[in-house]
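Read the structure below first, then the notes.
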Amino acid sequence: MIPAAFEYYRPKDMEGVLSLLAEHGDEARVMAGGHSLIPMMKLRMADVPHLIDLQDVGGLSDIEVGTDSIRIGAMVTQSDIITHEGLATAAPILREAALQIADPQVRYMGTVGGNVANGDPGNDMPGLMQCLDATFHLIGADGTRDVPARDFYEAAYMTAREDEEVLTAVTIPLLKGGHAYEKQKRKIGDYATAAAAVQIVNEGGTCAAASIAMTNLSDTPIYSQAACDALVGTSVDDSAIKAAMAAMLGDIDPSEDNRGPVAFKKHVAGIILRRAIERAWSRA
Amino acid sequence: MPKKMHITLTVNGKEEEFLAEPRELLIYTLRERLNITGPHIGCETSHCGACTVTIGGKSVKSCTMFVAQADGADITTIEGIGGPDNLHPLQEAFKEHHGLQCGYCTPGMITRATKLLEEIPNPTEEEIRFGMAGNLCRCTGYQNIVKSIQAAAAEMSAAKEAAE
Ligand SMILES: Cc1cc2nc3c(=O)[nH]c(=O)nc-3n(C[C@H](O)[C@H](O)[C@H](O)COP(=O)(O)OP(=O)(O)OC[C@H]3O[C@@H](n4cnc5c(N)ncnc54)[C@H](O)[C@@H]3O)c2cc1C
Ligand code: FES
Ligand code: FES
């Protein structure tokens, strides 16, 4: 499996990256861990005449746990997330989700920036970032701008990021209540048949706020406001969970593939959401 | 003709310099250019782990890295872990506990296991299965691979205690 030939660049700073992107336009692409991009290039499903490796660009690998938010650099790997002690207490759901991505080898290489920028509906971080109401930070020729994760995904591999922009970091507001990331997959290292990210706030036995996002059940991650609304104000009992499941099923649009027919995916999506809600609630 | 790049790698402690196209996959560099044939090609699609090497303290599937990315890197393959005259405890344990049958997955398994034991010196069975999940074996059913890694972990911990 030999990819098409390309010119390789390894700039030392963001200025170098941006000037290469400006020069080569949509013939150029940045590469982080390469564990989504290289397989696509090997299959010749991605054609990248100018490949810009981000590994030497400084300032993209920091994790900052602040008092009201967490900032994660684009080049932070899944493995960095799993081993970071500050994150383990400030945002354990990141670790819970990262441990369900791929396998150890892939997690050493795969980055948060690559996972969220890729735009593959199978990626786990985009749904999680929608649940946590993250903001993505982009830089381009005209400076920097911020895009909410919930507005970032347009269609499979189509995002709000322009070709000549680079994602530099992700900011997550301080977590509230209980959380869970629940994923059904055929085997370790597989993308989700269905996955759910849930955040719930419990005030005296009543759900005061909820946030629910689903992975790999449409051509983008799905933030389900209707499912959240079905939980808020309830005691998260069986009927509230069933209502949230039904509301979520109204928002997703899975298609048949080698993970199963549509009816099966909807069935799994419901069960996974129920498990995620129950686990998040038990921690809220 | 695509442009070639000047590449420098350190492989198993030895410096290598050559010209290569950036798109060359590291597994081919190792096997075909440098004649280091321990790392195997099982799937070539990032799934099986037969091609696993250690780069800068990470277990990496060398079929999923361009040689250009590895330029300047320090790489260890199974050849750098131990040889017939100085078997690494993991190699010894795989031999003793039937951790291999056809042996095709074994270089990747052992290379990955060296890193796992660095991170978790005395792993539980569950930790071994989870930590080795990026390496597939078509023969053994994994039972004896787990046993071999446990045996090596015990051996390595005992040796470390004795040394202290
Ligand atoms: C066997 C296997 C199993 C996997 N299983 C899962 C799984 O279960 N769940 C999951 O979520 N993922 C899975 N992955 C994908 C893996 O997590 C990827 O590493 C991740 O999706 C992309 O991260 P990367 O750093 O490797 O990005 P790359 O492959 O380098 O890049 C991916 C895309 O994002 C773009 N990009 C990268 N960084 C930036 C940036 N900073 N700014 C702008 N654009 C950028 C690239 O141009 C490219 O288009 C799997 C991969 C493999 C090989
Ligand atoms: S050959 Fe590299 S993972 Fe299978
Ligand atoms: S021993 Fe044959 S593949 Fe593992």
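Protein chains in written order, with our numbering: chain A, 19 to 302; chain B, 11 to 174.
Just so it is clear, CB atoms sit at the ideal spot from N, CA and C, and this is done for glycine as well.
Bridge partners - residue i, DSSP secondary structure assignment
{"i": "A46 of chain A", "result": "A:H68"}
{"i": "A198 of chain A", "result": "A:V216"}
{"i": "I91 of chain B", "result": "For I91 of chain B, which the question treats as bridged, DSSP gives no partner whatsoever."}
{"i": "I23 of chain B", "result": "A small fix is needed here, since residue 23 of chain B is Gly in this sequence, not Ile. G23 of chain B is not bridged to any residue."}
{"i": "R89 of chain A", "result": "A:E82 and A:T189"}
{"i": "V63 of chain B", "result": "B:V70"}
{"i": "T86 of chain B", "result": "B:T64"}
{"i": "T233 of chain A", "result": "A:A213"}
{"i": "N96 of chain B", "result": "B:G93"}
{"i": "V184 of chain A", "result": "A:I157"}
Near ligand 3: residue i beta-carbon under 7 Å from a heavy atom
{"i": "Q153 of chain B", "result": "no"}
{"i": "Y114 of chain B", "result": "yes"}
{"i": "T107 of chain A", "result": "no"}
{"i": "L100 of chain B", "result": "no"}
{"i": "R139 of chain B", "result": "no"}
{"i": "T150 of chain B", "result": "yes"}
{"i": "Q217 of chain A", "result": "no"}
{"i": "C147 of chain B", "result": "yes"}
{"i": "L110 of chain B", "result": "yes"}
Residue i versus the options, residue with shortest Cα-Cα distance
{"i": "D164 of chain A", "options": "A:A174, A:Y171, A:T153 and A:E172", "result": "A:T153"}
{"i": "A23 of chain A", "options": "A:T252, A:A298, A:H68 and A:A92", "result": "A:H68"}
{"i": "A103 of chain B", "options": "B:Y38, B:I159, B:L36 and B:R148", "result": "B:I159"}
{"i": "L36 of chain A", "options": "A:V250, A:P57, A:A261 and A:D71", "result": "A:D71"}
{"i": "K201 of chain A", "options": "A:E82, A:R47, A:T95 and A:K283", "result": "A:K283"}
{"i": "C149 of chain B", "options": "B:E171, B:L35, B:S72 and B:C112", "result": "B:C112"}
{"i": "I259 of chain A", "options": "A:V48, A:C225, A:D237 and A:V188", "result": "A:C225"}
{"i": "Y171 of chain A", "options": "A:E182, A:H285, A:L78 and A:I240", "result": "A:I240"}
{"i": "I138 of chain B", "options": "B:C147, B:E34, B:E171 and B:A123", "result": "B:A123"}
{"i": "K60 of chain A", "options": "B:E34, B:A164 and B:L126", "result": "B:E34"}
{"i": "G308 of chain A", "options": "A:C149, A:T107 and A:E33", "result": "The requested residue 308 of chain A is not part of the displayed model; chain A covers only 19 to 302."}
{"i": "L97 of chain B", "options": "B:V21, B:A162 and B:A143", "result": "B:A162"}
{"i": "M166 of chain B", "options": "B:G151, B:L100 and B:Q153", "result": "B:L100"}
{"i": "I100 of chain A", "options": "A:A173, A:D86 and A:V130", "result": "A:V130"}
Contact test: residue i Cβ vs ligand 1 heavy atom, cutoff 7 Å
{"i": "V63 of chain B", "result": "no"}
{"i": "G277 of chain A", "result": "Strictly speaking, residue 277 of chain A in this sequence is Arg, with Gly absent from that position. The answer is no for R277 of chain A."}
{"i": "Y209 of chain A", "result": "yes"}
{"i": "S54 of chain A", "result": "yes"}
{"i": "G77 of chain A", "result": "no"}
{"i": "A185 of chain A", "result": "Per the sequence presented here, residue 185 of chain A reads as Leu, with Ala not at that position. True, at least one ligand heavy atom lies under 7 Å from that Cβ."}
{"i": "M32 of chain A", "result": "no"}
{"i": "V94 of chain A", "result": "no"}
{"i": "T238 of chain A", "result": "no"}
{"i": "L72 of chain A", "result": "yes"}
{"i": "V48 of chain A", "result": "yes"}
{"i": "P57 of chain A", "result": "yes"}
Rounded straight-line distance, which links the Cα of residue j to that of residue i
{"i": "R277 of chain A", "j": "T211 of chain A", "result": "6 Å"}
{"i": "A215 of chain A", "j": "P94 of chain B", "result": "50 Å"}
{"i": "N133 of chain A", "j": "L55 of chain A", "result": "10 Å"}
{"i": "S97 of chain A", "j": "C61 of chain B", "result": "20 Å"}
{"i": "M75 of chain B", "j": "Y126 of chain A", "result": "12 Å"}
{"i": "D44 of chain A", "j": "R28 of chain A", "result": "18 Å"}
{"i": "S253 of chain A", "j": "V219 of chain A", "result": "11 Å"}
{"i": "A294 of chain A", "j": "A228 of chain A", "result": "12 Å"}
{"i": "A248 of chain A", "j": "M176 of chain A", "result": "30 Å"}
{"i": "F28 of chain B", "j": "P49 of chain B", "result": "20 Å"}
{"i": "I120 of chain B", "j": "E89 of chain B", "result": "11 Å"}
{"i": "L112 of chain A", "j": "T186 of chain A", "result": "18 Å"}
{"i": "E136 of chain B", "j": "A173 of chain B", "result": "28 Å"}
{"i": "K30 of chain A", "j": "L19 of chain B", "result": "19 Å"}
{"i": "E128 of chain B", "j": "S273 of chain A", "result": "43 Å"}
{"i": "K203 of chain A", "j": "I190 of chain A", "result": "26 Å"}
{"i": "A6 of chain A", "j": "P131 of chain B", "result": "Summary: the structure shown does not reach residue 6 of chain A, with chain A confined to residues 19 through 302, and so no result is reported for it."}
{"i": "D80 of chain A", "j": "E26 of chain B", "result": "32 Å"}
{"i": "H53 of chain A", "j": "L146 of chain B", "result": "18 Å"}
{"i": "D256 of chain A", "j": "M263 of chain A", "result": "10 Å"}
{"i": "A80 of chain B", "j": "L36 of chain B", "result": "8 Å"}
{"i": "T95 of chain A", "j": "V75 of chain A", "result": "15 Å"}
{"i": "A168 of chain B", "j": "I91 of chain B", "result": "19 Å"}
{"i": "T107 of chain A", "j": "E41 of chain A", "result": "43 Å"}
{"i": "M19 of chain A", "j": "S56 of chain B", "result": "11 Å"}
{"i": "M63 of chain A", "j": "E182 of chain A", "result": "20 Å"}
Minimum Cβ-Cβ distance from residue i to chain C less than 8 Å
{"i": "P32 of chain B", "result": "In the structure shown, chain C cannot be found, because the protein chains are A and B."}
- [ ] Evaluate the contact criterion for the segment 233–240 of chain A versus the segment 132–148 of chain A: three or more CB pairs, one atom per stretch, below 8 Å.
- [x] Taking a contact to require three or more Cβ pairs closer than 8 Å, the segment 233–240 of chain A and the segment 132–148 of chain A qualify as touching.
Open item on the list: Check whether the segment 194–201 of chain A and the segment 87–97 of chain A touch, using three or more Cβ-Cβ pairs below 8 Å as the test.
Closed with: Short answer: they don't touch.
Open item on the list: Taking 6 Å as the limit, name every residue whose beta carbon sits nearer than that to some heavy atom of ligand 5, in sequence order.
Closed with: Ligand 5 is absent from the structure shown, which contains only ligand 1, ligand 2 and ligand 3.
Open item on the list: Does the segment 95–114 of chain B come into contact with the segment 149–158 of chain B, if we say contact requires no fewer than three beta-carbon pairs (one atom in each stretch) closer than 8 Å?
Closed with: Flag = yes, the segment 95–114 of chain B and the segment 149–158 of chain B touch.
TODO: Would you be able to state if there are at least three C-beta pairs under 8 Å between the segment 71–89 of chain B and the segment 38–50 of chain B?
DONE: Yes, the segment 38–50 of chain B is in contact with the segment 71–89 of chain B.
- [ ] Count the C-beta pairs between the segment 282–297 of chain A and the segment 41–56 of chain B that are closer than 8 Å, then say yes if the count reaches three, no if not.
- [x] As far as the Cβ criterion goes, the segment 282–297 of chain A does not touch the segment 41–56 of chain B, which means the pair count is below three.
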